[in-house]
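S.K.: Chains P and R are the protein sequences, given in the same order. Just so we're aligned, residue 1 is where the first sequence starts under UniProt numbering, counting upward by one. Just so we're aligned, residue 1 is where the second sequence starts under UniProt numbering, counting upward by one. Let me begin by handing over the structure; questions about it come next.
There are 2 protein chains.
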Amino acid sequence: MGSGKILVAQGGGPTAVINQSLVGVALEARRFRDVTRVYGALHGVRGIVDEQFVDLTQETSHNLELVAATPSSALGSTRDKPDVKYCAEIFNVLRAHEIEHFFYIGGNDSSDTVRIVSEQARTAGYPLRAIHIPKTIDNDLVGSDHTPGFPSAARFVAQAFAGANLDNASLPGVYVGVVMGRHAGFLTAASALGKKFPDDGPHLIYLPERTFSIEAFLADVKATYERHGRCVIAVSEGIHDASGEPIATLLAKDVERDAHGNVQLSGTGALADLLCDEIKAKLGIKRVRGDTFGYLQRSFIGCVSDVDQREAREVGEKAVQYAFWGDRDGSVAIRRTGFYSADYALLPLSDVAGKTRTMEDEFIAPSGTDVTDAFRLYLRPLLGSGMPDAFRLRCARVAKILKP
Amino acid sequence: MGSGKILVAQGGGPTAVINQSLVGVALEARRFRDVTRVYGALHGVRGIVDEQFVDLTQETSHNLELVAATPSSALGSTRDKPDVKYCAEIFNVLRAHEIEHFFYIGGNDSSDTVRIVSEQARTAGYPLRAIHIPKTIDNDLVGSDHTPGFPSAARFVAQAFAGANLDNASLPGVYVGVVMGRHAGFLTAASALGKKFPDDGPHLIYLPERTFSIEAFLADVKATYERHGRCVIAVSEGIHDASGEPIATLLAKDVERDAHGNVQLSGTGALADLLCDEIKAKLGIKRVRGDTFGYLQRSFIGCVSDVDQREAREVGEKAVQYAFWGDRDGSVAIRRTGFYSADYALLPLSDVAGKTRTMEDEFIAPSGTDVTDAFRLYLRPLLGSGMPDAFRLRCARVAKILKP
Chain P
1 MGSGKILVAQ GGGPTAVINQ SLVGVALEAR RFRDVTRVYG ALHGVRGIVD EQFVDLTQET
61 SHNLELVAAT PSSALGSTRD KPDVKYCAEI FNVLRAHEIE HFFYIGGNDS SDTVRIVSEQ
121 ARTAGYPLRA IHIPKTIDND LVGSDHTPGF PSAARFVAQA FAGANLDNAS LPGVYVGVVM
181 GRHAGFLTAA SALGKKFPDD GPHLIYLPER TFSIEAFLAD VKATYERHGR CVIAVSEGIH
241 DASGEPIATL LAKDVERDAH GNVQLSGTGA LADLLCDEIK AKLGIKRVRG DTFGYLQRSF
301 IGCVSDVDQR EAREVGEKAV QYAFWGDRDG SVAIRRTGFY SADYALLPLS DVAGKTRTME
361 DEFIAPSGTD VTDAFRLYLR PLLGSGMPDA FRLRCARVAK ILKP
Chain R
1 MGSGKILVAQ GGGPTAVINQ SLVGVALEAR RFRDVTRVYG ALHGVRGIVD EQFVDLTQET
61 SHNLELVAAT PSSALGSTRD KPDVKYCAEI FNVLRAHEIE HFFYIGGNDS SDTVRIVSEQ
121 ARTAGYPLRA IHIPKTIDND LVGSDHTPGF PSAARFVAQA FAGANLDNAS LPGVYVGVVM
181 GRHAGFLTAA SALGKKFPDD GPHLIYLPER TFSIEAFLAD VKATYERHGR CVIAVSEGIH
241 DASGEPIATL LAKDVERDAH GNVQLSGTGA LADLLCDEIK AKLGIKRVRG DTFGYLQRSF
301 IGCVSDVDQR EAREVGEKAV QYAFWGDRDG SVAIRRTGFY SADYALLPLS DVAGKTRTME
361 DEFIAPSGTD VTDAFRLYLR PLLGSGMPDA FRLRCARVAK ILKP
């Protein structure tokens, strides 16, 4: 039996519920008689190699509950991707501190980190239990019905488009909202749940799962504008042409890549502006506006799904239970068991690590620019309770007198 | 005594509470024995000249309450600015429909419309009672403590920056958030109420009430980044150089102006990208992100101040009361009477029309890049109840073993 010290860390982009998972680990672990210390690493695996640890063992449960409800990674995060040398440093530290249980909360990049660490530990003969805890607003982890962080971000996007649709209806024109989603369009597709009335926007949704063509885009916008006198469009930041080149990089002057080789797509309004310019120039429409939702959709305080909060907490608890009751490393996955209920499973890390899920064809309408009812039924229960609702006046027209 | 028909319309940009004012008018008016019809004009004064009226008299009170809670102009809006000829057409229509009470909900552009209509009516000898009902997220109407629509937008901005600060703390870098506000910085300054801890962002706030210099901006950012290892910045879309030229127009390729002569500042990410590019190039910081909040801050469904909702409703009720109990045209104004309570007054249209309020010096810190406690006390009660709150872990550091 080891020292009873466990270590938890958070990696990748933050979400509104990532601290639920952290607190799930901390509170569940503190219940186990064999656990003597709960350590957190600051800024993910970077904090491990730098020995930047904090001791969560004596943190009050009440403050942990308040932190759990606070968005964004309370321990800080990182986008580092450990290679073999980096992992050797991680082991030195884990070994020096006698840590034998490692919990890493993150997306598919972070799950790959856990896989490497797990394999290195096995090769080195070190008794490490390493569990990956899912997290991502993109919903692109393989093997899960959905991922913690996604429902709350989806709720933000749905509410944002419900509002953008109302704004656009009051001062009609064309509105383009650019949503996060490098390879997976789930978050962009969530905009569809902001639609209530048959003529509501978003009228057009462009996903990275479909090839984007400027010509087809302009034709769609023209047709919609002629039918409704306005047009609300949801576009994924990851849309690309037939060769796979992101539309956004056609304009980005300095293409910045992070340590995982991902092109930096957020933080620049270039895609929204490009599309708006095209619409103004080619269709001659004057009132054209674009917003890039950017970091708001993953960090806005005060927009969260209670279903997401509960599940993010549970995957943290389950991770500890799998680590102490089970006999293998793995990645915690969410399974849907009813309409609506969920359960959990532990998947082999190789099933998940470095893999990307994209939207299934059953969720995308044949037109390619809308979602199906299957998607609406899939997402609606995840958005949680207390979703705001929009209402319209119901009143008769008054007969004209001067120009009947 | 006239026909008992009244007309209400909404002009300018929508807000989260503009329908509270509409419903305040409709419900209060329906209580008056002399009122026989409550008409709404679709899309503001444009709807009057086109005789696009709807009859709100038989709309159920329950649906009106649901519409009141829905953001964005339920009657639609316009940015038209009537000239003499346009107003003559308005009168023809009002006269034809025997309307003698006109209520227009809008900002300082709309208050000028009411002033022109009121003067035209007087000149023409037509017995019209015209009341301007305040509305604007910019808080820039002269004569009021604040304006309906501003508190809810301010709440959105405060929550957005609270979240952006948390995001930036977890993955440190520089974050620039661009907020609406052509000439007045109130909405940008509201970002300061997202700050809780001494080292929280926004660390720097740039308002249109102060001259913006790129050199000073970069020096501020550099100093903050060196002190905190990160920097969160709130910037008004209306920042300008010493000559008054908006920084945004330096980059905007096609400067679009609306009918009121306002440069279109929203719907383009240009300003955020310009500032981010400068920071990357001149300070050599790699992780730099910018978001332009755009229309989200005035239309996001589900982020509203209950104080704002109540006051927006009341200015609608008061407008009807002034119209039927009083003897003059005017603009409804909000007065602050305690900490916190409000009352109302009717100002002469000439006091308000076409005038712009900007932030008073007592609200802006001497540094020019922060707000004062006077501003915090001014704004906090307007944000309403149930503001989300962010919490941090409180735990001791673990001693290093390998690199003490």
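Built from N, CA and C at the ideal position, the CB exists for glycine as well.
Going by CA-CA distance only, name the one from P:Ala396, P:Gly316 and P:Phe32 that's closest to residue 408 of chain P.
M.R.: This structure cannot speak to residue 408 of chain P, because chain P is shown only from 1 to 404.
S.K.: Spatial neighbours of histidine 203 of chain P within its chain, please: CB distance less than 6 Å, with the 5 preceding and 5 following residues excluded, ordered by chain position.
M.R.: Once the five neighbours on either side are set aside, the close Cβ partners of histidine 203 of chain P are Thr224, Cys231 and Val232.
S.K.: Nearest to tyrosine 206 of chain R by CA position, among R:Phe197, R:Gly24 and R:Met180, is which residue?
M.R.: Of R:Phe197, R:Gly24 and R:Met180, the residue nearest in Cα terms is R:Met180.
S.K.: Report yes or no: is there a C-beta of chain R within less than 8 Å of the C-beta of residue 426 of chain P?
M.R.: Missing from the structure shown is residue 426 of chain P; chain P here goes from 1 to 404 and no further.
S.K.: For leucine 56 of chain R, return the contacting residues in chain B, with the cut-off set at a CB-CB distance below 9 Å.
M.R.: Here chain B cannot be found, since the structure's protein chains are P and R.
S.K.: Would the segment 79–88 of chain R and the segment 112–124 of chain R be scored as touching if the rule is three or more Cβ pairs under 8 Å?
M.R.: Touching, yes, given that three or more Cβ pairs across the two stretches are closer than 8 Å.
S.K.: With a cut-off of 8 Å, does the C-beta of valine 398 of chain P fall near any C-beta of chain R?
M.R.: True, the Cβ-Cβ gap to chain R drops below 8 Å.
S.K.: Would you check if the segment 335–350 of chain P and the segment 161–173 of chain P touch, i.e. whether three or more CB-CB distances between them fall below 8 Å?
M.R.: No contact exists between the segment 161–173 of chain P and the segment 335–350 of chain P.
S.K.: Straight-line CA distance for alanine 41 of chain P to isoleucine 48 of chain P?
M.R.: Straight-line Cα distance between these residues: approximately 6 Å.
S.K.: As a quick exercise: from P:Leu187, P:Ala189, P:Ala248 and P:Ser191, pick the residue whose alpha carbon is nearest that of serine 213 of chain P.
M.R.: The shortest C-alpha separation from serine 213 of chain P is found at P:Ala248.
S.K.: Pair every Cβ in the segment 299–308 of chain R with every Cβ in the segment 377–395 of chain R, then say whether three or more of these pairs are closer than 8 Å.
M.R.: With the cut-off at 8 Å, the segment 299–308 of chain R and the segment 377–395 of chain R touch.
S.K.: For serine 77 of chain P, which option in R:Ser243, R:Ile105, R:Asp167 and R:Ala242 has the closest C-alpha, if you only look at C-alpha atoms?
M.R.: With distances taken between Cα atoms, serine 77 of chain P lies closest to R:Asp167.
S.K.: Just mark glycine 326 of chain P as buried or exposed, buried being the case when its beta carbon has 16 or more other beta carbons within 10 Å.
M.R.: Glycine 326 of chain P should be labelled exposed.
S.K.: Strictly by DSSP, which residues pair up with serine 236 of chain R?
M.R.: The partner list for serine 236 of chain R (beta bridge, DSSP) reads R:Val179.
S.K.: Please look up how many angstroms separate the CB atoms of isoleucine 279 of chain P and valine 178 of chain P, rounded, as I've assumed it's under 8 Å.
M.R.: Wrong, their Cβ atoms sit about 14 Å apart, outside the cutoff.
S.K.: Select from P:Ala29, P:His132, P:Ala130 and P:Ala184 the residue whose C-alpha is nearest the C-alpha of aspartate 140 of chain P.
M.R.: It is P:Ala184.
S.K.: Starting from aspartate 343 of chain P, follow its DSSP beta bridges and name the residues at the other end.
M.R.: BP columns for aspartate 343 of chain P point to P:Arg335.
S.K.: Look up residue 425 of chain P in the DSSP assignment and say whether it is helix, strand or coil.
M.R.: Only positions 1 to 404 of chain P appear in the structure, and residue 425 of chain P is not among them; the question remains open.
S.K.: Does the segment 283–294 of chain R come close enough to the segment 114–132 of chain R that 3 or more CB-CB pairs lie under 8 Å?
M.R.: With a cut-off of 8 Å, the segment 283–294 of chain R and the segment 114–132 of chain R do not count as touching, because too few Cβ pairs lie within range.
S.K.: Compare the beta carbon distance of leucine 296 of chain P and leucine 296 of chain R with 8 Å and say whether it is the shorter of the two.
M.R.: Yes, these two residues count as a Cβ contact at 8 Å.
S.K.: Tell whether a beta-carbon distance below 8 Å holds between arginine 357 of chain R and valine 142 of chain R.
M.R.: Yes. Within cutoff.
S.K.: Can you tell me which of the three DSSP states alanine 399 of chain P falls into?
M.R.: The answer is coil: DSSP assigns alanine 399 of chain P none of H, G, I, E or B.
S.K.: Can you tell me whether glycine 244 of chain P is buried or exposed, with buried defined as 16 or more other CB within 10 angstroms of its CB?
M.R.: Answer is exposed; the Cβ neighbour count stays below 16.
S.K.: Looking only at its chain, what residues have a beta carbon closer than 8 Å to the beta carbon of isoleucine 401 of chain R, apart from the 5 residues adjacent to it on each side?
M.R.: The answer is none, since no qualifying residue turns up.
S.K.: Using CA coordinates, which residue listed in R:Ala323, R:Glu311 and R:Thr369 is at the minimum distance from alanine 29 of chain R?
M.R.: Looking at the Cα atoms, R:Ala323 is the closest of the given residues.
S.K.: Residues of chain R with CB under 9 Å from glycine 76 of chain P, in chain order?
M.R.: The answer, in chain order, is Ala169, Ser170, Leu171 and Pro172.
S.K.: Using 8 Å as the Cβ pair cut-off and three pairs as the minimum, do the segment 333–347 of chain P and the segment 102–110 of chain P touch?
M.R.: The segment 333–347 of chain P is not in contact with the segment 102–110 of chain P.
S.K.: Could you check what DSSP says for glutamine 52 of chain P in three-state terms: helix, strand or coil?
M.R.: Reduced to three states, the DSSP call for glutamine 52 of chain P is coil.
S.K.: Would you kindly check if the distance between the Cβ of alanine 153 of chain R and the Cβ of serine 191 of chain R is under 8 Å?
M.R.: Against a cut-off of 8 Å, the Cβ pair of alanine 153 of chain R and serine 191 of chain R comes out as no contact.
S.K.: Kindly indicate if chain R contains any beta-carbon less than 8 Å away from that of arginine 335 of chain P.
M.R.: Answer no: the Cβ-Cβ gap between arginine 335 of chain P and chain R never drops below 8 Å.
S.K.: Below 8 Å on C-beta distance, what does threonine 188 of chain P contact in chain R?
M.R.: Within chain R, no residue comes near threonine 188 of chain P; the closest Cβ sits about 16 Å away, beyond 8 Å.
S.K.: Can you give me the start and stop residues for the alpha helix (DSSP H) that valine 352 of chain P sits inside?
M.R.: It spans 349–352 - the alpha helix (DSSP H) in which valine 352 of chain P sits, taken as one unbroken run.
S.K.: What is the C-beta distance between aspartate 329 of chain P and alanine 130 of chain P, in whole angstroms, given that I count them as a contact (C-beta under 8 Å)?
M.R.: Contact flag correct, Cβ pair sits at about 5 Å.
S.K.: Give, in chain order, every residue of the segment 17–33 of chain R whose Cβ lies closer than 7 Å to some Cβ of chain P.
M.R.: Against chain P - using a Cβ distance shorter than 7 Å - the segment 17–33 of chain R contributes no residues.
S.K.: Threshold first: 3 residues or longer. Then list the beta strand (DSSP E) segments lying entirely within the segment 186–252 of chain R, N to C.
M.R.: DSSP runs (the beta strand (DSSP E)) wholly in the segment 186–252 of chain R: 204–206 and 231–236.
S.K.: Which whole-angstrom value describes the C-beta separation of valine 67 of chain R and arginine 392 of chain P, a residue pair presumed to lie in contact below a C-beta threshold of 8 Å?
M.R.: Valine 67 of chain R to arginine 392 of chain P, Cβ: 7 Å. Contact.
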